[in-house]
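A.B. asks: First the structure, which I've put down as structure tokens, then a few questions once you've had a look.
Numbering (our numbering), first residue to last: 482 to 1133.
Take a look at the structure:
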């Protein structure tokens, strides 16, 4: 019969087969070993049973290892399939991190990418973390496990990260790991052509040692991650290159369109110029081409033509003033533009910009053009604007030559009349009659010096006015010269003075002659007025056009004096009175001048000044205390002359 021990042995053998079939854990096999070792030592075959249990445990371990390898290979295959099917980098790396975490049965996993510019690793994908700070981790070269893997290019594992002394710790990372409870950590490099381009990490919240098989599969997954990163970077580079190529092609097309537009604009302007188009037509055409508003200005910044594109609200052009708030900016921009030889943006107001360019004819500045536009101008448009200044310059120069041709006879006659070598009187009379000037009547000569727009510009301006018909106007040696009939001289003097104040401010001075009975007197009269202009300059007089009679005495006395000697004369003669008026505004000098002009009559002086006669006497007494008694005729003449001179040069 069979014994109970034999039956027990058979049962244990059957149990081992069942455990292997069910894939039972190691604990069940250990329990089985305990039961076998508990059998009686005299039981036949006990040693065989013990060996059978050990063999079963070995088979079980080999089966588990094979299963791990199969799972790892399956994860690698799935990762390879996704590598070839997915295009989204974040999604692909997320799948790799998920498989690494699942394969090793770890609590969390993440993948960091190397930033060469900053030389640091930044987390791109993270799973299983409790602390949100894990997703924002940044690791510097030489710190933590990343530093070890970066330097060795090999996997690195630690069972207790926070207490491991094999690497330099980063306090910030240690705080994050402590907050998330991370203990064990393994990191493998993402290698591409020997360069570490990223790191793959898996971590556990307990102390753990990973097998070589796990590290091998983790390295394979890391290789897939490196391929994904490299492909993504290559794709990004290709995409950027394609985008750059598209942008270059678009820029080339835009440039070609601009060249064609510039050629069309040049052809259009040339065609208009060849057909003899007017300045206004040309101005309108340029404005239409540039999509803005164009002003053509003369030397004095006065508008002589303008044009605007269809539908363009030309606010800046409509509000333009020759001496307005923006005149200084325009003048500076034009000065810079002439130095550079290119147009310059003068200013920007609101959404509208003003660009200017001088108009040059030969060596002279004929004027300028100002373009008002919105938005940035393309370079081709800027070149078209600059080219238009040359075309407009040709038109202005042509107009100027036509005007010069029309006035050539008048200019020649005027220069002949002021010259000491005049033609025969009969010839002069005939030439003057053809120009509407009667030389048999008394004549007047007006000379004006000016800065700003200049005498040539002023001559062109007054030649075009109806008020200077039957008059000769020209610029001679930098001075505006006008010869007209004596009855019209006063009105013409007023017109010239008013225009000069508006356009040349105070930077002008002039002299109007006495009537000349015949043309023979004009050369000497012209020479006298030229000397009088010099006296005005030495006196420092600006912004006035005076009569020759007003300057006669001073021309004779001070023609050879400079401004310093004249100032000394005034200071020595009436200096105390002028100084007193400057401090107290007592009007002593004007009272004394009026007193002399009224033949030293105090009552008449009071009436003219609108004050009481006693006030006049008090002022005269004060002046006498300062200057002394002027009862002597010579002394009175000297003081009167000084007061008249003071009234000429004193500011209004």
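Beta carbons: idealized from backbone N, C-alpha and C, even for Gly.
For residue 934, which residues of its own chain have a beta-carbon under 7 Å away from its beta-carbon, when the five flanking residues on both sides are left out?
C.D. replies: Reading the chain shown from its first residue, position 453 is the one you call residue 934. Within the same chain, residue 934 has close Cβ partners 780, 781, 984 and 985.
A.B. asks: Rounded to whole angstroms, how far is the Cβ of residue 671 from the Cβ of residue 713, which I believe are closer than 8 Å?
C.D. replies: Indexing the chain shown from 1 puts residue 671 at position 190. Indexing the chain shown from 1 puts residue 713 at position 232. Wrong, their Cβ atoms sit about 12 Å apart, outside the cutoff.
A.B. asks: For the structure I just gave you, are there three or more beta carbon pairs, one from the stretch 907-915 and one from the stretch 872-889, closer than 8 Å?
C.D. replies: Segments in contact, no.
A.B. asks: Rank 925, 898 and 889 by C-alpha distance to the C-alpha of residue 941 and give the top, closest one.
C.D. replies: Along the chain shown, one-based indexing puts residue 941 at 460. When each option's Cα is compared against that of residue 941, the closest is 889.
A.B. asks: Could you spell out the range, first to last residue, of the alpha helix (DSSP H) harbouring residue 608?
C.D. replies: For the purposes of this step, residue 608 is taken as residue 127 along the chain shown, with counting starting at 1. Taken as a continuous stretch (DSSP letters only), residue 608 belongs to no alpha helix (DSSP H), being part of the beta strand (DSSP E) at 601-608.
A.B. asks: What did DSSP end up calling residue 750 once you bin it into helix, strand or coil?
C.D. replies: As a position in the chain shown, residue 750 is number 269, starting the count at 1. Correct three-state label for residue 750: helix.
A.B. asks: Quick one: what's residue 787 bridged to in DSSP?
C.D. replies: The residue labelled residue 787 in the question sits at position 306 within the chain shown. Note: residue 787 sits in a beta bridge opposite 776.
A.B. asks: List, from N- to C-terminal side, the beta strand (DSSP E) runs of 3 residues or more that fit wholly inside the stretch 934-970.
C.D. replies: List check, beta strand (DSSP E) in window: 953-957 and 960-966.
A.B. asks: Would residue 816 be called buried (16 or more neighbouring beta carbons within 10 Å of its own) or exposed?
C.D. replies: Residue mapping note: residue 816 aligns to position 335 of the chain shown, counting from 1. Exposed, because fewer than 16 other Cβ atoms sit within 10 Å of the Cβ of residue 816.
A.B. asks: If we ignore side chains and look at the alpha-carbon of each, how far apart do residue 823 and residue 864 end up?
C.D. replies: One-based indexing of the chain shown puts residue 823 at position 342. One-based indexing of the chain shown puts residue 864 at position 383. The alpha-carbon atoms of residue 823 and residue 864 are separated by roughly 9 Å.
A.B. asks: Can you say whether residue 805 is buried or exposed, counting buried as having 16 or more other CB atoms within 10 angstroms of its CB?
C.D. replies: The sequence position of residue 805 within the chain shown is 324, counting from 1. The residue in question, residue 805, is exposed, as its Cβ has fewer than 16 Cβ neighbours within 10 Å.
A.B. asks: Under a three-way DSSP split, which group does residue 1006 fall into?
C.D. replies: On the chain shown, position 525 is the one that residue 1006 refers to. Three-state result, residue 1006: helix.
A.B. asks: Determine the direct distance from the alpha carbon of residue 954 to that of residue 803, and round the result to whole angstroms.
C.D. replies: Counting from 1 along the chain shown, the entry for residue 803 is found at position 322. Counting from 1 along the chain shown, the entry for residue 954 is found at position 473. Roughly 24 Å between the two C-alpha positions.
A.B. asks: Just verifying my parser: in three-state terms, what is the DSSP assignment at residue 674?
C.D. replies: The count along the chain shown starts at 1 and reaches residue 674 at position 193. It is coil, neither helix nor strand.
A.B. asks: Which value, in whole angstroms, describes the spacing of the CA atoms of residue 1128 and residue 1019?
C.D. replies: Here the question's residue 1128 lines up with position 647 in the chain shown. Here the question's residue 1019 lines up with position 538 in the chain shown. Taking the straight line from one Cα to the other gives about 15 Å.
A.B. asks: Using 8 Å as the cut-off, can you tell me whether the stretch 919-938 makes contact with the stretch 855-872, which would need three or more C-beta pairs spanning the two stretches below that distance?
C.D. replies: No contact exists between the stretch 919-938 and the stretch 855-872.
A.B. asks: May I ask which residues mark the beginning and end of the alpha helix (DSSP H) holding residue 931?
C.D. replies: Translated into the one-based positions of the chain shown, residue 931 becomes position 450. Not the alpha helix (DSSP H): residue 931 falls in the beta strand (DSSP E), residues 924-931.
A.B. asks: Less than 7 Å between the C-beta atoms of residue 658 and residue 627, yes or no?
C.D. replies: Mapped onto the chain shown, residue 658 falls at position 177. Mapped onto the chain shown, residue 627 falls at position 146. Not a contact, by the Cβ cut-off of 7 Å.
A.B. asks: If you follow the beta strand (DSSP E) that residue 837 is part of, which residue opens it and which one closes it?
C.D. replies: Position 356 of the chain shown, counting from 1, holds the residue named residue 837. 833-842 is the extent of the beta strand (DSSP E) around residue 837.
A.B. asks: To the nearest whole angstrom, what separates the beta carbons of residue 982 and residue 1024, a pair I think is in contact under 8 Å?
C.D. replies: Translated into positions along the chain shown, residue 982 becomes position 501. Translated into positions along the chain shown, residue 1024 becomes position 543. Going by Cβ atoms, the distance from residue 982 to residue 1024 rounds to 7 Å, so yes, they are a contact pair.
A.B. asks: Name the one or two DSSP bridge partners that residue 665 has.
C.D. replies: Reading the chain shown from its first residue, position 184 is the one you call residue 665. Residue 665 is bridged to 685.
A.B. asks: Find out if the Cβ-Cβ distance for the pair residue 965, residue 945 is shorter than 7 Å.
C.D. replies: Translated into the one-based positions of the chain shown, residue 965 becomes position 484. Translated into the one-based positions of the chain shown, residue 945 becomes position 464. No, the Cβ-Cβ distance between residue 965 and residue 945 is not below 7 Å.
A.B. asks: By alpha-carbon positions, which one of 662, 653, 690 and 661 ends up nearest to residue 668?
C.D. replies: Residue 668 sits at position 187 when you count from the first residue of the chain shown. Taking only the C-alpha atoms, the option nearest residue 668 is 690.
A.B. asks: Compare the beta carbon distance of residue 615 and residue 607 with 7 Å and say whether it is the shorter of the two.
C.D. replies: Your numbering for residue 615 matches position 134 in the chain shown. Your numbering for residue 607 matches position 126 in the chain shown. Cβ atoms of residue 615 and residue 607: closer than 7 Å.
A.B. asks: If I'm right that residue 683 touches residue 634 with Cβ under 8 Å, what's the distance once you round it to whole angstroms?
C.D. replies: For the purposes of this step, residue 683 is taken as residue 202 along the chain shown, with counting starting at 1. For the purposes of this step, residue 634 is taken as residue 153 along the chain shown, with counting starting at 1. Residue 683 to residue 634, Cβ: 18 Å. No contact.
A.B. asks: Mind checking which residues open and close the alpha helix (DSSP H) that includes residue 635?
C.D. replies: Working through the chain shown from its first residue, we reach residue 635 at position 154. Residue 635 -> no alpha helix (DSSP H), and no H or E assigned at all.
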